[in-house]
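Positions in the sequence shown are counted from 1; adding 280 to them yields the working numbering.
Built from N, CA and C at the ideal position, the CB exists for glycine as well.
Only one structure is covered here, and it is reproduced in the block below.
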Amino acid sequence: MAAQSIIGLDIGFHSIKAVELGRVNNNTQLISLGSIAMPEQAILGDNPNDEKIVVDTIGKLFHDMKVKSNIVNTSLPESSVYTRVIEVPRLTDKELAASIHWEAEQYIPLPIDQVNLDYAVLGNGKTGNTMQVLLVAAPLAIIERYTRILSRADLVVSSIETDAISILRVIPQTLPEKANILLINIGARSTDICIVRQRVLTFVRTVPSGGDSFTRAIAEELGFALPQAEEYKRAYGLDNTKLEGKIAASIAPVFSIILEEIKKILVYFREHNPEDKITTSLLFGGSAKLPGLMSYIASETGIDTILGNPFENIYVDPKIKAQVESNFSTFAIATGLALKEFVP
Numbered sequence: 281m282a283a284q285s286i287i288g289l290d291i292g293f294h295s296i297k298a299v300e301l302g303r304v305n306n307n308t309q310l311i312s313l314g315s316i317a318m319p320e321q322a323i324l325g326d327n328p329n330d331e332k333i334v335v336d337t338i339g340k341l342f343h344d345m346k347v348k349s350n351i352v353n354t355s356l357p358e359s360s361v362y363t364r365v366i367e368v369p370r371l372t373d374k375e376l377a378a379s380i381h382w383e384a385e386q387y388i389p390l391p392i393d394q395v396n397l398d399y400a401v402l403g404n405g406k407t408g409n410t411m412q413v414l415l416v417a418a419p420l421a422i423i424e425r426y427t428r429i430l431s432r433a434d435l436v437v438s439s440i441e442t443d444a445i446s447i448l449r450v451i452p453q454t455l456p457e458k459a460n461i462l463l464i465n466i467g468a469r470s471t472d473i474c475i476v477r478q479r480v481l482t483f484v485r486t487v488p489s490g491g492d493s494f495t496r497a498i499a500e501e502l503g504f505a506l507p508q509a510e511e512y513k514r515a516y517g518l519d520n521t522k523l524e525g526k527i528a529a530s531i532a533p534v535f536s537i538i539l540e541e542i543k544k545i546l547v548y549f550r551e552h553n554p555e556d557k558i559t560t561s562l563l564f565g566g567s568a569k570l571p572g573l574m575s576y577i578a579s580e581t582g583i584d585t586i587l588g589n590p591f592e593n594i595y596v597d598p599k600i601k602a603q604v605e606s607n608f609s610t611f612a613i614a615t616g617l618a619l620k621e622f623v624p
């Protein structure tokens, strides 16, 4: 759907983020962006009042942003969808299309008529007679809820996809096209860990731990109120040289849950791809900029770790550049969604 500008809308569990992009002189340009807090769990509620809260919150955010468009791309969190790579006998496109629902039924814990199913062939399997296929199944009930909310907000939905797929569009173009990347998106409630091979998503796992868990750990360990714990988390993170390492020591046991999952995924990748290796870890999300986090992950995994900037190839007006750079990693999903209109 063509538009002069389009909005990427990232509806989280307790905040909503939006990025509006447009084309100016053949360049993709940031038109506006914004973020707003939302009562936790409102997006998950199944009564009209919960939906009204989300609708009103979106309305306020868009009013504050002074958006020019009412066309949105949005996404579903990985924790709400089923993403899996399966191995099937080598089939033609027609044969795969005819059999994919039967194959999917073996892996998806919902009746197949209750999900929207998409798939993509990734390449060869372990033998010459098989191939790998990425399955993505989204419950129809969740899609219908999102669609209903956005309709009530007088918005036109251009597309709905998953968080992981949207974030692929903001992988830095400076990384080699054929690079194998470990992509880590640290949200408030959960962390998505993805393997991206040659710009293709081949593995996704969600860990039910994120920035909020770090904050609670600091509050419990040091007796802080949550707002104070949040400030200390952002100021000192995993930097052992600050405050005698007390903040880092509070976060480390919680982050170890994520780290252990990362290590398991790396072992899985090496076992299935003995001739390949992951060259870069790419961080996004609200906690990606925590002091000491990049070096901590790099030292624990032995992989070069960098902070992703979703606005790297987008023109940003110098007047708002400082505002954008202060928290750019939190807008990765919203930016990737808006970019769908301008890049493949």
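Cut-off 7 Å between Cβ atoms - residues of its own chain near residue i, not counting five sequence neighbours on either side
{"i": "I422", "result": "L356 and S360"}
{"i": "F591", "result": "L310, V604, F608 and T615"}
{"i": "E358", "result": "T442, D443, A444, D472, V484 and T486"}
{"i": "I613", "result": "D290, S355, D443, S446 and I447"}
{"i": "L390", "result": "P419"}
Cα-Cα separation between residue i and residue j, rounded to whole angstroms
{"i": "R479", "j": "F504", "result": "42 Å"}
{"i": "Y387", "j": "A515", "result": "43 Å"}
{"i": "I531", "j": "I380", "result": "43 Å"}
{"i": "F622", "j": "T585", "result": "28 Å"}
{"i": "A400", "j": "E375", "result": "14 Å"}
{"i": "L539", "j": "K406", "result": "27 Å"}
{"i": "I600", "j": "F564", "result": "20 Å"}
{"i": "Y490", "j": "A568", "result": "The question names Tyr, yet the displayed sequence has Gly at residue 490. In a straight line, the C-alpha of G490 is about 10 Å away from that of A568."}
{"i": "E555", "j": "M574", "result": "26 Å"}
{"i": "D434", "j": "E331", "result": "13 Å"}
{"i": "I447", "j": "A602", "result": "22 Å"}
{"i": "G572", "j": "T521", "result": "9 Å"}
{"i": "V395", "j": "L502", "result": "45 Å"}
{"i": "D377", "j": "L619", "result": "The residue you asked about is not Asp; residue 377 is Ala in the sequence shown. Taking the straight line from one Cα to the other gives about 29 Å."}
{"i": "H294", "j": "H343", "result": "19 Å"}
{"i": "V352", "j": "R425", "result": "15 Å"}
{"i": "N593", "j": "I316", "result": "25 Å"}
{"i": "V299", "j": "R370", "result": "41 Å"}
{"i": "Y576", "j": "Y362", "result": "30 Å"}
{"i": "I455", "j": "L415", "result": "The question names Ile, yet the displayed sequence has Leu at residue 455. For L455 and L415, the distance between alpha carbons rounds to 26 Å."}
{"i": "A630", "j": "S606", "result": "Since the displayed the chain opens at 281 and closes at 624, residue 630 lies outside it and no answer follows."}
{"i": "Q321", "j": "N329", "result": "12 Å"}
{"i": "L518", "j": "T610", "result": "19 Å"}
{"i": "G588", "j": "V368", "result": "34 Å"}
{"i": "M281", "j": "S536", "result": "Because the pLDDT of M281 is 38, which lies under 50, any placement of that residue in the model is unreliable, and the number read from its coordinates should be weighed accordingly. Going from the Cα of M281 to the Cα of S536 covers about 43 Å."}
DSSP three-state assignment for residue i, whether helix, strand or coil
{"i": "E555", "result": "coil"}
{"i": "N265", "result": "This structure cannot settle anything about residue 265, because the visible part of the chain is limited to 281 through 624."}
{"i": "Q284", "result": "coil"}
{"i": "E300", "result": "strand"}
{"i": "Q478", "result": "coil"}
{"i": "F221", "result": "In the structure as shown, the chain begins at 281 and stops at 624. Residue 221 is therefore absent and cannot be evaluated."}
{"i": "A317", "result": "strand"}
{"i": "L462", "result": "strand"}
{"i": "S359", "result": "helix"}
{"i": "V347", "result": "coil"}
{"i": "R550", "result": "helix"}
{"i": "P434", "result": "Looking at the sequence provided, one finds Asp at residue 434 rather than Pro. DSSP places D434 in coil when its eight states are reduced to three."}
{"i": "R370", "result": "coil"}
{"i": "Q386", "result": "coil"}
{"i": "D336", "result": "helix"}
{"i": "G403", "result": "strand"}
{"i": "L341", "result": "helix"}
{"i": "T471", "result": "strand"}
{"i": "W412", "result": "Looking at the sequence provided, one finds Gln at residue 412 rather than Trp. Strand, per DSSP."}
{"i": "G616", "result": "helix"}
{"i": "V352", "result": "strand"}
Cβ separation of residue i and residue j, assumed to be a contact under 8 Å, to the nearest whole Å
{"i": "K526", "j": "L570", "result": "15 Å between Cβ atoms; not a contact."}
{"i": "T337", "j": "L430", "result": "Rounded, the Cβ-Cβ distance is 12 Å, inconsistent with contact."}
{"i": "V335", "j": "R449", "result": "The pair is not a contact, with the Cβ atoms about 27 Å apart (cut-off 8 Å)."}
{"i": "I542", "j": "T495", "result": "At roughly 21 Å, the Cβ-Cβ gap does not stay under 8 Å, so I542 and T495 are not in contact."}
{"i": "I291", "j": "I323", "result": "5 Å"}
{"i": "S349", "j": "I286", "result": "6 Å"}
{"i": "L341", "j": "G314", "result": "5 Å"}
{"i": "V640", "j": "S493", "result": "Nothing can be reported for residue 640, as the shown portion of the chain is limited to 281 through 624."}
Cβ neighbours of residue i in the same chain (closer than 8 Å, five flanking residues each side left out)
{"i": "T273", "result": "Residue coverage of the chain in this structure runs from 281 to 624, which leaves residue 273 outside it and unanswerable."}
{"i": "I558", "result": "N460, I461, L462, I475, L546, F549 and I583"}
{"i": "L523", "result": "Y512 and Y516"}
{"i": "I466", "result": "G490, G491, I538, L563, F564, G565, G566, S567 and A568"}
{"i": "P488", "result": "S359, R469 and S470"}
{"i": "Q284", "result": "G302, R303, K348 and S349"}
{"i": "N404", "result": "T410, M411 and Q412"}
{"i": "L506", "result": "T495, R496 and A499"}
{"i": "Y595", "result": "V304, N307, T308, Q309 and L310"}
{"i": "M345", "result": "A298, E300, S312, L313 and G314"}
Check: residue i C-beta below 7 Å from any heavy atom of the ligand FAD
{"i": "V334", "result": "This structure does not include the ligand FAD; it has no bound ligands of any sort."}
Own chain partners of residue i with C-beta closer than 6 Å, once the 5 adjacent residues on each side are dropped
{"i": "L397", "result": "A384 and A417"}
{"i": "A529", "result": "none"}
{"i": "L402", "result": "Q412, L414 and T482"}
Below-8 Å beta-carbon distance, residue i vs any chain C residue
{"i": "P456", "result": "Protein chain content of the structure displayed is limited to a single chain, and chain C is not contained in it."}
Subject >> Inter-stretch contact at 8 Å, needing at least 3 Cβ pairs: the region 456-463 / the region 540-560 >> reply: yes
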